[in-house]
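Enquirer: Under my numbering, the first residue of the sequence shown carries the number 3, and numbering increases by one thereafter.
Note that CB positions come from ideal geometry on N, CA and C, so glycine has one too.
Just so we're clear, the structure is a prediction, and the values are computed from it rather than from any experiment.
Following this message is one structure expressed as structure tokens.
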Amino acid sequence: GSLSEPTFFELLSLHSIRVLYDFRASPDTAMQKHFSVRILEIACKARNILYRHIALGRETAYGILKHLREDEGRNSLAEVVWYGRRKRTAFLGAEEDWHIDHRLAIASRLREAGHTVLHVLCNGSTEEHPEAVAMPDCLAGEEARLRLLEKQRLAGELRRPQKSVASRSTESVAQRLTMPRKEIDAGEELRKANTQAELCRAQRRLATLQRRFEDSSDVQAGLGPKILNVNKWIRAEASQQRDNLAAGKTKDGKDKAAKPSVDGVPSYSWAGTGGTSEGNPNFMASVPSSSSAAAMCGTSQGELKVDCLGCNAAFPWSILESGDGHCPDCLLQVQQQQQQQQRRQQQQ
Numbered sequence: 003g004s005l006s007e008p009t010f011f012e013l014l015s016l017h018s019i020r021v022l023y024d025f026r027a028s029p030d031t032a033m034q035k036h037f038s039v040r041i042l043e044i045a046c047k048a049r050n051i052l053y054r055h056i057a058l059g060r061e062t063a064y065g066i067l068k069h070l071r072e073d074e075g076r077n078s079l080a081e082v083v084w085y086g087r088r089k090r091t092a093f094l095g096a097e098e099d100w101h102i103d104h105r106l107a108i109a110s111r112l113r114e115a116g117h118t119v120l121h122v123l124c125n126g127s128t129e130e131h132p133e134a135v136a137m138p139d140c141l142a143g144e145e146a147r148l149r150l151l152e153k154q155r156l157a158g159e160l161r162r163p164q165k166s167v168a169s170r171s172t173e174s175v176a177q178r179l180t181m182p183r184k185e186i187d188a189g190e191e192l193r194k195a196n197t198q199a200e201l202c203r204a205q206r207r208l209a210t211l212q213r214r215f216e217d218s219s220d221v222q223a224g225l226g227p228k229i230l231n232v233n234k235w236i237r238a239e240a241s242q243q244r245d246n247l248a249a250g251k252t253k254d255g256k257d258k259a260a261k262p263s264v265d266g267v268p269s270y271s272w273a274g275t276g277g278t279s280e281g282n283p284n285f286m287a288s289v290p291s292s293s294s295a296a297a298m299c300g301t302s303q304g305e306l307k308v309d310c311l312g313c314n315a316a317f318p319w320s321i322l323e324s325g326d327g328h329c330p331d332c333l334l335q336v337q338q339q340q341q342q343q344q345r346r347q348q349q350q
């Protein structure tokens, strides 16, 4: 909407929001610059608010209703429920009026699962989401419209918008060089992951950025983001991606001519029960959390390895899971320290 940054955060503070999910499909098209993902993430971090952006309802997913039926949509809603049981949690939409925004579909799915959803209005008041609400045509017909557009593009009837000559000119490049270079802290990005699937996706994305940083002359010249605090796991996966591409395969090591299997479960999806039941969201199920720093989540089929939070040694996640990120030796030390601290408190 058109809210200013101070007004927006005053509304969050008024309702004690500590976790903010940004489900906008195209946040870069926001009218106000302070609602861009990068600026909003920095502003939330300064106010000790956990910010997470997941582009639900994007064009490649054929709209919000179709996306909520997929693994990513169901997993995202389960994350919101998990945080909502522990902290005051809100999710952000693109439009000021929730009746015509994607968050109408998100709130309806949560309401169907038995959860209470309150819409925060601009004046600070709240409005409870009704049990039954009709989907507007802009949402109900979104999947059909996007599939039609895709068919038109494939048939050559409609072309995707291309960059103008001015955007590729030397003047544009010079302007980009004068802007401060974006820096990405690899360690901080990995620490944002709360599940094993998120950790693998984050490391794969960072490995791709690292490979481009090492191979592209444009990136090294300052036209791309700079990766900081890159660990050995990310460098190893970046090297593996480079070898796969040199062999004529995809960066994940798959044959480009091979079609993806429809029987298998994608590596990034929820294969277990955690939040789903027969293809439908089951938000009453608990969502496991994981504390992790760096992991070897490459394309190899070996067991996931995670650095212990205590001794920083790499262990299989099956060993660290029971200790919430600690190996058995470090977990024993932590328990002993907690017992000693409890004794001191009792003596005082």
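Within 10 Å of its beta-carbon, does residue 17 have 16 or more other beta-carbons around it, so buried, or fewer, so exposed?
Expert: exposed
Enquirer: I'd like to know whether the C-beta atoms of residue 315 and residue 236 end up nearer to each other than 8 Å.
Expert: no
Enquirer: The alpha helix (DSSP H) that contains residue 336, what's its start and end?
Expert: 330 to 349
Enquirer: By a C-beta neighbour count over all protein chains shown, 10 Å radius and 16 as the cutoff for buried, is residue 44 buried or exposed?
Expert: exposed
Enquirer: With H, G and I counted as helix, E and B as strand and the rest as coil, what does DSSP make of residue 121?
Expert: strand
Enquirer: What is the rounded straight-line gap between the Cα of residue 9 and the Cα of residue 131?
Expert: Across the structure, residue 9 and residue 131 are spaced so that their CA atoms are roughly 23 Å apart.
Enquirer: Keeping to the same chain, check which residues put their C-beta closer than 6 Å to that of residue 184; ignore five residues upstream and five downstream.
Expert: 227
Enquirer: From which residue to which residue does the beta strand (DSSP E) around residue 55 run?
Expert: 52 to 55
Enquirer: Go ahead and pull the three-state DSSP assignment for residue 115.
Expert: coil
Enquirer: Residue 82 and residue 106 - do their beta-carbons sit closer together than 8 Å?
Expert: no
Enquirer: Using the Cβ count rule (16 or more neighbours within 10 Å means buried), how would you classify residue 257?
Expert: Classification of residue 257: exposed, given that the 10 Å Cβ count is below 16.
Enquirer: If the criterion is Cβ atoms closer than 8 Å, does the pair residue 92 and residue 22 meet it?
Expert: yes
Enquirer: Quick one: using the 10 Å Cβ neighbour count with 16 as the cut-off for buried, is residue 144 buried or exposed?
Expert: Flag for residue 144 reads buried.
Enquirer: Looking at residue 191 and residue 204, is the spacing between their C-beta atoms short of 8 Å?
Expert: The Cβ atoms of residue 204 and residue 191 sit closer than 8 Å to each other.
Enquirer: Report the rounded CA-to-CA distance for residue 347 versus residue 341, giving the unit in angstroms.
Expert: 10 Å
Enquirer: Taking only beta-carbon positions, decide if residue 80 is within less than 8 Å of chain C.
Expert: Checking the listed chains, one finds no chain C in this structure; it contains a single protein chain.
Enquirer: Taking the C-alpha atoms as reference points, what is the distance between residue 119 and residue 36?
Expert: 25 Å
Enquirer: Relative to the C-alpha of residue 61, which residue among 317, 252, 27 is closest?
Expert: 27
Enquirer: Drop a sphere of 10 angstroms on the beta-carbon of residue 101, count the other beta-carbons inside from all chains shown, and report buried for 16 or more, exposed for fewer.
Expert: exposed
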